[in-house]
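Q:
2 protein chains.
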Amino acid sequence: MTFIMYFFFKFAQIISIIMSKCEQCIVREFSSLKALNKEELLKVASCKTSFTIKKGEAIFDEGDSINGIYCIKEGVCKLSKLSANGKDHIVKLIKSGELLGQRSMISDEPANLSAVALEDMEVCFIPKTEIMGFFDKNNQFSMSVMKSICGDLKGSDDHMVAMAQKTVKERLAQTLIYLEDNFGKNEDGSLHIQLSREELAGMIGTATESCIRLLSDFNKLGLIELTGKKITLKEINKLKKLAE
Amino acid sequence: MTFIMYFFFKFAQIISIIMSKCEQCIVREFSSLKALNKEELLKVASCKTSFTIKKGEAIFDEGDSINGIYCIKEGVCKLSKLSANGKDHIVKLIKSGELLGQRSMISDEPANLSAVALEDMEVCFIPKTEIMGFFDKNNQFSMSVMKSICGDLKGSDDHMVAMAQKTVKERLAQTLIYLEDNFGKNEDGSLHIQLSREELAGMIGTATESCIRLLSDFNKLGLIELTGKKITLKEINKLKKLAE
DNA sequence: AAAAATACATGATAAATGTCATTTTCTTAA
DNA sequence: TTAAGAAAATGACATTTATCATGTATTTTT
Numbered sequence: 039m040t041f042i043m044y045f046f047f048k049f050a051q052i053i054s055i056i057m058s059k060c061e062q063c064i065v066r067e068f069s070s071l072k073a074l075n076k077e078e079l080l081k082v083a084s085c086k087t088s089f090t091i092k093k094g095e096a097i098f099d100e101g102d103s104i105n106g107i108y109c110i111k112e113g114v115c116k117l118s119k120l121s122a123n124g125k126d127h128i129v130k131l132i133k134s135g136e137l138l139g140q141r142s143m144i145s146d147e148p149a150n151l152s153a154v155a156l157e158d159m160e161v162c163f164i165p166k167t168e169i170m171g172f173f174d175k176n177n178q179f180s181m182s183v184m185k186s187i188c189g190d191l192k193g194s195d196d197h198m199v200a201m202a203q204k205t206v207k208e209r210l211a212q213t214l215i216y217l218e219d220n221f222g223k224n225e226d227g228s229l230h231i232q233l234s235r236e237e238l239a240g241m242i243g244t245a246t247e248s249c250i251r252l253l254s255d256f257n258k259l260g261l262i263e264l265t266g267k268k269i270t271l272k273e274i275n276k277l278k279k280l281a282e
Numbered sequence: 039m040t041f042i043m044y045f046f047f048k049f050a051q052i053i054s055i056i057m058s059k060c061e062q063c064i065v066r067e068f069s070s071l072k073a074l075n076k077e078e079l080l081k082v083a084s085c086k087t088s089f090t091i092k093k094g095e096a097i098f099d100e101g102d103s104i105n106g107i108y109c110i111k112e113g114v115c116k117l118s119k120l121s122a123n124g125k126d127h128i129v130k131l132i133k134s135g136e137l138l139g140q141r142s143m144i145s146d147e148p149a150n151l152s153a154v155a156l157e158d159m160e161v162c163f164i165p166k167t168e169i170m171g172f173f174d175k176n177n178q179f180s181m182s183v184m185k186s187i188c189g190d191l192k193g194s195d196d197h198m199v200a201m202a203q204k205t206v207k208e209r210l211a212q213t214l215i216y217l218e219d220n221f222g223k224n225e226d227g228s229l230h231i232q233l234s235r236e237e238l239a240g241m242i243g244t245a246t247e248s249c250i251r252l253l254s255d256f257n258k259l260g261l262i263e264l265t266g267k268k269i270t271l272k273e274i275n276k277l278k279k280l281a282e
């Protein structure tokens, strides 16, 4: 009996995701999709596919051909690239409201980065043909996408300079602040985003052990507090100074 | 008398640059401007301004407001960003045929990077209003600009991972190969682009002394040859292996 | 051409970071 | 619930890289 109930519930859930209307999706307001009019949104709703991604699963991998863009409805994922030395470097984190895959779609190239869920996610996929149509007809949309990519480019250039010129300690401090600013904290004050030490190391571009050691130093200095996997920023101003 | 001749010559030169027609400019074929039709090119020609930049001079500085895009007709410049520690990090080199300032113009933000000539240059400036008009009417042009920025973004992400994950030695080897591949060599086989050791260090993100030391090592290993300021790559395959 | 300034080079040393080994703690699956 | 596995933490040490000092070569200015 509970078995049947379970399937009924699951089925209803899936249907509700598939049927969800883009015009009513709050998340749309946060991306270039806000430039689409009602009619266009109806078109999107009718051709999009929606799905859930579990923590740890990939939305796409480096090298995959992506024939459209993903709109993140819920959850956070990492965009990473495997480097020659076998380490996974996290280039960026993406949260709900943001789009994924524009670069690859526009360049008509395989994905340059992998996208892997850091939490359970809800994601919609909009096929390329649809988007290309909007590029043709809706100039505001094109401009918005362009601006968003330009923002990514600026972010990437800045990030690159930070990687090249800052010490590991500075980068760690900077990253911790970035995580709190952009992904918030839990009720207990700890960072909402849960990254493993290895992932955090992959974000600041250092060895896992170095990352752990520095976290430990920050902890001893009272800048942060470590409780199991959880990290709580205690002295934000001092961290900011450390990050320069 | 030679005085008068000089001014006459200089004047003729300036006029020739100002009057030059974009439709006949070979360089246009290498950028998004190739997507413009004859009529549009005539419009560009009539509103553009042309000028020369001497080696070491800036086209624009980090923080400047740029109200248009620059088309590089001749010469190479560096795009760099001042980091917190006071070092100038070279993000990218730009050569003739490429455009400059799109990011800033599209985002409607001050320049994120400084552009400084590495050689004497000839540059044309096309005002924003004109470009925005093309965005509205010529979809191929918009797409081309978008693709070019997407290419920059990919390059920047890749560069960032290299900065974060590779050693200084690997980065130096990689950069030397990049310089030869993209900017060619002189008749004597030495790299055409002349960077000071400080600039090269700023490109790979290291201290000038470290850069000099590694060049010296490469020299002793026979991978390169140093003749005064000139650098000649001798063992490209070994360098490629070093770069991983 | 000489003097001054700048760029290049190198040694000595310190500091930062990576690697390997080991222990401890936490998580997961049987 | 326990055993096995994974993640985190720490120590010892090697390697890389930065910094400071100083000398040499090269360019620029006078």
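Chains F and B supply the protein sequences, listed in that same order. Position one of the first sequence corresponds to residue 39 (the numbering used here), numbered consecutively onward. Position one of the second sequence corresponds to residue 39 (the numbering used here), numbered consecutively onward. Note that CB positions come from ideal geometry on N, CA and C, so glycine has one too. All figures in this text were calculated on a predicted structure; none of them were measured in a lab.
Applying the criterion that 16 or more other CB atoms from any shown protein chain within 10 Å of the CB defines a buried residue, is E247 of chain B buried or exposed?
A: exposed
Q: Can the beta-carbon of E95 of chain B be found less than 7 Å from the beta-carbon of E160 of chain B?
A: no
Q: Check H197 of chain F in the structure and name its three-state DSSP category.
A: helix
Q: When Cβ atoms are compared, which residues of the stretch 188-205 of chain F fall closer than 8 Å to chain B?
A: Against chain B - using a Cβ distance shorter than 8 Å - the residues of the stretch 188-205 of chain F are C188, G189, D190, L191, K192, S194, D195, D196, H197, M198, V199, A200, M201, A202, Q203 and K204.
Q: Going by DSSP in three states, E160 of chain F sits in which element: helix, strand or coil?
A: strand
Q: Which chain F residues sit within Cβ distance under 8 Å of V129 of chain B?
A: D195, M198 and V199
Q: Can you name the residues of chain B whose CB is closer than 8 Å to the CB of R141 of chain F?
A: From the beta-carbon of R141 of chain F, the residues of chain B found nearer than 8 Å are C188, L191 and K192.
Q: When you compare each of F:Q62, F:E67 and F:S121 to T244 of chain F by their alpha carbons, which one comes out closest?
A: F:S121
Q: Quick check on the DSSP output: what are the complete alpha helix (DSSP H) runs of length 4 or more inside the stretch 92-175 of chain B, in order along the chain?
A: Those alpha helix (DSSP H) runs which fall completely within the stretch 92-175 of chain B and span 4+ residues are 140-145 and 166-175.
Q: With the cut-off set at 7 Å, would you say A155 of chain F and C115 of chain F are in Cβ contact?
A: yes
Q: Of the choices B:S186, B:E157, B:Q178 and B:D126, whose alpha-carbon is the least far from that of E147 of chain F?
A: B:S186
Q: List the residues of chain B whose Cβ lies closer than 9 Å to the Cβ of D174 of chain F, in chain order.
A: Correct list: N177.
Q: Helix, strand or coil: which one does DSSP assign to S69 of chain B?
A: coil
Q: Check the Cβ-Cβ distances between K185 of chain B and every residue of chain F, and say whether any is below 7 Å.
A: yes
Q: Am I right that L277 of chain F and L264 of chain F are in contact with their C-beta atoms under 8 Å? What's the rounded C-beta distance?
A: Between L264 of chain F and L277 of chain F the Cβ distance is about 14 Å, and since that is not below 8 Å, they are no contact.
Q: Once DSSP output is grouped into helix, strand and coil, what is the label at T205 of chain F?
A: coil
Q: Name, please, each residue of chain F whose Cβ falls closer than 9 Å to the Cβ of K133 of chain B.
A: What K133 of chain B touches in chain F: nothing, since even the nearest Cβ is about 18 Å away.
Q: Suppose you measure from the CA of E282 of chain B to the CA of E78 of chain B; what does that come to, to the nearest Å?
A: Near 45 Å, if we compare the C-alpha coordinates of E78 of chain B and E282 of chain B.
Q: Rounded to a whole number of angstroms, what is the C-alpha to C-alpha distance between I250 of chain B and E237 of chain B?
A: 11 Å
Q: By how many angstroms is the C-alpha of M201 of chain B removed from the C-alpha of I110 of chain F?
A: 29 Å
Q: Would you say G222 of chain F reaches chain B, if we count a Cβ-Cβ gap shorter than 7 Å as a contact?
A: no
Q: Nearest-angstrom Cα distance between K93 of chain B and L233 of chain B?
A: 12 Å
Q: Should K138 of chain F be labelled buried (16 or more other beta-carbon atoms within 10 Å of its own) or exposed?
A: Per the sequence presented here, residue 138 of chain F reads as Leu, with Lys not at that position. The residue is buried, with at least 16 neighbouring Cβ atoms inside 10 Å.
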